[in-house]
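Shown next, in structure tokens, is the structure this report addresses.
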Amino acid sequence: MAKDITIVQSKHIELGIKKYEGQLDKELQSLILSAGYEYTPYVFKDGRILLVLPYNISAILYANKAILFDKLQLA
1 MAKDITIVQS KHIELGIKKY EGQLDKELQS LILSAGYEYT PYVFKDGRIL LVLPYNISAI
61 LYANKAILFD KLQLA
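Pasting the structure below:
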């Protein structure tokens, strides 16, 4: 069973975005910013969400938007 949430080291962020064709989600970014978080969200082609912390110090990979919304209480 895959983990719902994974911490991603800074050295893997850009490679992961390229490999999994991550696209910046501006709507999700607006929602995250209005909730008080400063993450940059990328949606991968398989539906996973990568939240990149400021300055690419690390990132958090969520299995899908439902888990992201639940953990960050965005919904």
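Residue numbers for the sequence shown follow the working numbering, so the first one is 1 and each next one is one higher. Every residue gets a Cβ at the ideal spot worked out from N, C-alpha and C, and that includes glycine. Fair warning: this is a prediction, and the values are worked out from it, not measured in the lab.
Roughly how many whole angstroms lie between the Cα atoms of residue i and residue j?
i	j	result
residue 67	residue 73	9 Å
residue 11	residue 64	22 Å
residue 33	residue 45	23 Å
residue 19	residue 9	15 Å
residue 54	residue 31	16 Å
residue 36	residue 3	25 Å
In terms of alpha-carbon separation, which member of the options lies closest to residue i?
i	options	result
residue 42	53, 61, 24, 7	24
residue 7	64, 55, 51, 69	51
residue 58	34, 19, 39, 4	39
residue 47	9, 15, 21	21
residue 71	54, 49, 56, 55	49
When every heavy atom of the ligand GDP is checked, does at least one fall within less than 8 Å of the C-beta of residue i?
i	result
residue 58	Because no ligand of any kind appears in the structure shown, any question about the ligand GDP cannot be addressed here.
Using a threshold of 9 Å, state whether the C-beta atoms of residue i and residue j are closer than that.
i	j	result
residue 62	residue 17	no
residue 56	residue 14	yes
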